[in-house]
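First comes the structure, then the notes that go with it.
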Amino acid sequence: MSAPDLADLTLDSTQPLQAQLYRSLVQWICNGRLLAGAKLPSSRRMSETLGISRNTVTLVMEQLKAEGFLTSHPGRGVFVSSEFPSHVKKPKGVSWQTKIPGNLPKLSSYGDAIRQLPGKDTNMPSLPFTPGLPDLNAFPFKLWNRLYRRHLGRKPLAGYGQSQGYLPLRQALAEYLRSSRGVRCNPDQIIITNGAQEALSLCAQVTVNPGDTVLIENPGYRRARLAFHAVGAKLKPAGLINHTLNVGKLIKTTSTARLLFTTPTHQYPMGGVMPADDRVKLLDWAAQFGCWILEDDYDSEFSFQHKPVATLQGMAENTPVLYMGSFSKTLQPSLRLGYLVVPKFSIPEFIHAKEILSGHSPLLCQAVVADFINEGHFVRHLRKMRNNYFEKWTHLCQLIRDQLEPQAQLIASNTGMHLVISTPDHCDTQLANTLTASRFGSTPLSLYYPNRKGQSGLVLGFANTSINERERCINILKEALNK
Numbered sequence: 001m002s003a004p005d006l007a008d009l010t011l012d013s014t015q016p017l018q019a020q021l022y023r024s025l026v027q028w029i030c031n032g033r034l035l036a037g038a039k040l041p042s043s044r045r046m047s048e049t050l051g052i053s054r055n056t057v058t059l060v061m062e063q064l065k066a067e068g069f070l071t072s073h074p075g076r077g078v079f080v081s082s083e084f085p086s087h088v089k090k091p092k093g094v095s096w097q098t099k100i101p102g103n104l105p106k107l108s109s110y111g112d113a114i115r116q117l118p119g120k121d122t123n124m125p126s127l128p129f130t131p132g133l134p135d136l137n138a139f140p141f142k143l144w145n146r147l148y149r150r151h152l153g154r155k156p157l158a159g160y161g162q163s164q165g166y167l168p169l170r171q172a173l174a175e176y177l178r179s180s181r182g183v184r185c186n187p188d189q190i191i192i193t194n195g196a197q198e199a200l201s202l203c204a205q206v207t208v209n210p211g212d213t214v215l216i217e218n219p220g221y222r223r224a225r226l227a228f229h230a231v232g233a234k235l236k237p238a239g240l241i242n243h244t245l246n247v248g249k250l251i252k253t254t255s256t257a258r259l260l261f262t263t264p265t266h267q268y269p270m271g272g273v274m275p276a277d278d279r280v281k282l283l284d285w286a287a288q289f290g291c292w293i294l295e296d297d298y299d300s301e302f303s304f305q306h307k308p309v310a311t312l313q314g315m316a317e318n319t320p321v322l323y324m325g326s327f328s329k330t331l332q333p334s335l336r337l338g339y340l341v342v343p344k345f346s347i348p349e350f351i352h353a354k355e356i357l358s359g360h361s362p363l364l365c366q367a368v369v370a371d372f373i374n375e376g377h378f379v380r381h382l383r384k385m386r387n388n389y390f391e392k393w394t395h396l397c398q399l400i401r402d403q404l405e406p407q408a409q410l411i412a413s414n415t416g417m418h419l420v421i422s423t424p425d426h427c428d429t430q431l432a433n434t435l436t437a438s439r440f441g442s443t444p445l446s447l448y449y450p451n452r453k454g455q456s457g458l459v460l461g462f463a464n465t466s467i468n469e470r471e472r473c474i475n476i477l478k479e480a481l482n483k
């Protein structure tokens, strides 16, 4: 049985020839133009007919033989497989068209929730003034590389690890969190995550059912809203007072909630600190109504004028507090290492969830961070960065007061790596776009409110800035605010 004339097969030189030839031959076999048992021309003849290289033809033929479309008989040639029925209908799962059919499989409720989320941030992540980006110029890369090389050839770190995390790192973290933040935990309660976002996702999946009420500070961390919305939670904004959670109003007006997400040590983004008596009231309220508290100890390492206030987790006796943090701001965002401290009664469930979600986090990075902590480098680095950031914070505050007020009002806090300015008479999105056009990062304050219905302003991350960059950025804002 002879094959049809391959000269009818047209190839477009603007697209990969190998992929085109493969798709065309499969289509001809499926629609019966190449019948079962039909003999194909030799690779040499086919290449001459089509005007393409013989190597391209050979690669396509071998692929089709591997997939069962063709069979090779030594001394006779290559044939369409006799096991492949002629005039077969095109498989429903195979489409040669770019048009999307209307009967696609449906997504799960989780997938539908993801679909409804807003698009990804358009801010470029590594520009000066991007919130959350540390001063990478001050990072001890030489020391880090030495620790990295120490573990690079270790076989145990080249295989699979525990989903819960590298034990030496969990041990080092337990001691550090106890001594520096008053967190009461043992290494078994710590789960190493792929950044803070995975810690949020774990908490959402393990503690929240679709339709459950989740309280989130307003304004508050946008990615926390996304994580809980994705699991079908009913999000309820929790207002602020003096730039921190309004605990008095919360406990008077709310008696049913599955979880509260809060940043009590340094409210994100406004920067307030929850008073100690409010912390006690909040813990009592959560214990009374059986509400989880997810405590994000945001920027606690960079308090400029006082020691950080004790954590909710360290104060809790009978309240189920989940405590989370990460190394993105204290070390490098690219590490993608975070941690979650869970109550003892929930350890197995969180470990299993981590195993299902992503397995273990990168072992080599965990080993390096463990040594960095155990050998005292971490504490020294934090001390250096605290002094570094205090100088930048002081300079930026002065620039804002001298050049931007009264058009912009400084919302100052004495902790962290960012400042907030209020711009009530200007669109914060337009201001952020103006900065982006000049290669400066920032985040509109309105993004931290549900549906962007809130105060206009800018969140400016100063940690990754130089003196010149701070002065240039404020000059650009001054011009924009005076228009």
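Residue numbers (UniProt numbering): 1 to 483.
Here a beta-carbon is modelled for each residue, glycine too, at the ideal position from N, C-alpha and C.
Keep in mind the model is a prediction, meaning the values are calculated, not measured.
1. So what's residue 411 in DSSP terms, helix, strand or just coil?
2. Could you pull out every unbroken beta strand (DSSP E) segment of at least 3 residues lying fully inside the segment 296-383, listed in chain order?
3. Using 8 angstroms for Cβ pairs, my map puts residue 151 next to residue 143. What's the rounded Cβ distance?
4. Between which two residues does the alpha helix (DSSP H) holding residue 234 run?
5. Residue 261 by DSSP, collapsed to three states: which one?
6. Within 10 angstroms of the Cβ of residue 369, are there 16 or more other Cβ atoms? Answer buried if so, exposed if not.
7. The beta strand (DSSP E) that contains residue 418, what's its start and end?
8. When we look at the beta-carbon of residue 53 and count the other beta-carbons within 10 Å, is it buried (16 or more) or exposed?
9. Residue 65 to residue 14, Cα distance in whole Å?
10. Can you tell me whether DSSP reads residue 210 as helix, strand or coil?
11. Using the Cα positions of residue 443 and residue 264, report the straight-line distance between them to the nearest angstrom.
12. Around the Cβ of residue 381, are there at least 16 other Cβ atoms within 10 angstroms (buried) or fewer (exposed)?
13. Look at the alpha carbon of residue 245 and the alpha carbon of residue 296, and state the distance between them as a whole number of angstroms.
14. Work out the CA separation of residue 483 and residue 197 for me, nearest whole Å.
15. Drop a sphere of 10 angstroms on the beta-carbon of residue 262, count the other beta-carbons inside from all chains shown, and report buried for 16 or more, exposed for fewer.
16. Give the straight-line distance between the Cα atoms of residue 388 and residue 232, rounded to the nearest whole angstrom.
17. Quick one: what's got a C-beta closer than 6 angstroms to residue 292's C-beta in the same chain, skipping five residues either side?
18. Buried or exposed: residue 20, going by 16 or more other Cβ atoms within 10 Å of its Cβ?
19. Answer with buried or exposed for residue 317, where buried requires no fewer than 16 other C-beta atoms within 10 angstroms of its C-beta.
20. Does residue 73 come out as helix, strand or coil in the three-state DSSP assignment?
21. How far does the alpha helix (DSSP H) with residue 429 in it extend, from its first residue to its last?
22. Taking the alpha carbon of residue 129 as the point to measure from, which residue in 227, 22, 392 and 401 has its own alpha carbon closest?
23. Let me know if residue 117 comes out buried or exposed under the rule of 16 or more other beta-carbons within 10 Å of its beta-carbon.
24. For residue 39, which of helix, strand or coil comes out of DSSP?
25. For residue 201, count neighbouring C-beta atoms within 10 Å of its own C-beta (all shown protein chains included) and say buried if the count is 16 or more, exposed if not.
26. If you count every other CB in all the chains shown that lies within 10 Å of the CB of residue 294, and 16 or more means buried, which is it?
27. From what residue to what residue does the alpha helix (DSSP H) around residue 248 run?
28. So, helix, strand or coil for residue 280, using DSSP?
29. If you draw a straight line from the C-alpha of residue 353 to the C-alpha of residue 212, how long is it?
30. From residue 495 to residue 17, what distance separates their C-alpha atoms?
31. Taking the straight line between their C-alpha atoms, what separation do you get for residue 326 and residue 56?
32. Spatial neighbours of residue 5 within its chain, please: CB distance less than 6 angstroms, with the 5 preceding and 5 following residues excluded, ordered by chain position.
33. Apart from the five residues just before and just after residue 310, which ones in its own chain have a Cβ nearer than 6 angstroms to its Cβ?
34. Excluding sequence positions up to five away, which residues of its chain have a Cβ less than 7 angstroms from the Cβ of residue 465?
35. Exposed or buried, what is residue 470 when buried is set at 16 or more other beta-carbons lying within 10 Å of its beta-carbon?
36. When you compare the CB positions of residue 298 and residue 190, do they come within less than 8 angstroms of one another, or not?
Judging by the given coordinates:
1. strand
2. 321-326 and 338-341
3. Contact doesn't hold; Cβ gap of about 14 angstroms is too wide.
4. Per DSSP, residue 234 belongs to no alpha helix (DSSP H); it is in the beta strand (DSSP E), 234-241.
5. strand
6. buried
7. 418-422
8. exposed
9. 26 angstroms
10. coil
11. 21 angstroms
12. buried
13. 13 angstroms
14. 39 angstroms
15. buried
16. 42 angstroms
17. 207, 259 and 320
18. buried
19. exposed
20. strand
21. 428-437
22. 392
23. exposed
24. strand
25. buried
26. buried
27. 247-253
28. helix
29. 19 angstroms
30. The displayed coordinates of the chain run from 1 to 483. Any statement about residue 495 would go beyond what the structure contains.
31. 50 angstroms
32. none
33. 182
34. 128, 129 and 392
35. buried
36. no
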